[in-house]
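Participant:
What follows is the structure, encoded as structure tokens:
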């Protein structure tokens, strides 16, 4: 059990570092100036997820930047999940609810999807553009 806990802590810390590097690249980050220190509580309002998603996808999202009510937080999380689904990625059991409730296992799964799936799609798209450009130029 201890190895599993240490592994999850290490994975969480690694993902936090990646996540923080994404949100600091967002122009709107200066409006918030905070870092993720605890995925289970820091993602509940959806703001940090949406900022990271904006950086990754290079698409702006309209969302509530100061959610005071549970409804606002849930809408932000829904917008985030809708944006990910729009990229064609299946989320399976992942939902806004598990992020809001702080289920670390599912939160780490979702962050992995952001890292792997969306970043890879973006990189593949860039590779195709480079190949097209190269074919045109040669």
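Residue numbers (the UniProt record's numbering): 1 to 138. Heads up, the beta-carbon is just placed ideally off N, CA and C, and yes, glycines get one too. No experiment lies behind these values; they were computed from the predicted model shown.
(1) Tell whether a beta-carbon distance below 9 angstroms holds between residue 84 and residue 51.
(2) Flag this pair as yes or no: are the beta carbons of residue 20 and residue 46 separated by less than 9 angstroms?
(3) Where residue 94 and residue 106 are concerned, what is the direct C-alpha to C-alpha distance, given to the nearest angstrom?
(4) I'd like the span of the alpha helix (DSSP H) that includes residue 87, first residue to last.
(5) Kindly indicate the opening and closing residues of the alpha helix (DSSP H) around residue 40.
(6) Assuming residue 12 and residue 39 form a contact by the criterion Cβ under 8 angstroms, report the distance between their Cβ atoms to the nearest whole angstrom.
(7) Mark residue 69 as exposed unless 16 or more other C-beta atoms lie within 10 angstroms of its C-beta, in which case mark it buried.
Facilitator: Reading off the structure:
(1) no
(2) Cβ atoms of residue 20 and residue 46: not closer than 9 angstroms.
(3) 6 angstroms
(4) Segment: none, residue 87 is in no alpha helix (DSSP H) and carries neither H nor E.
(5) 39 to 42
(6) 6 angstroms
(7) Classification for residue 69: exposed.
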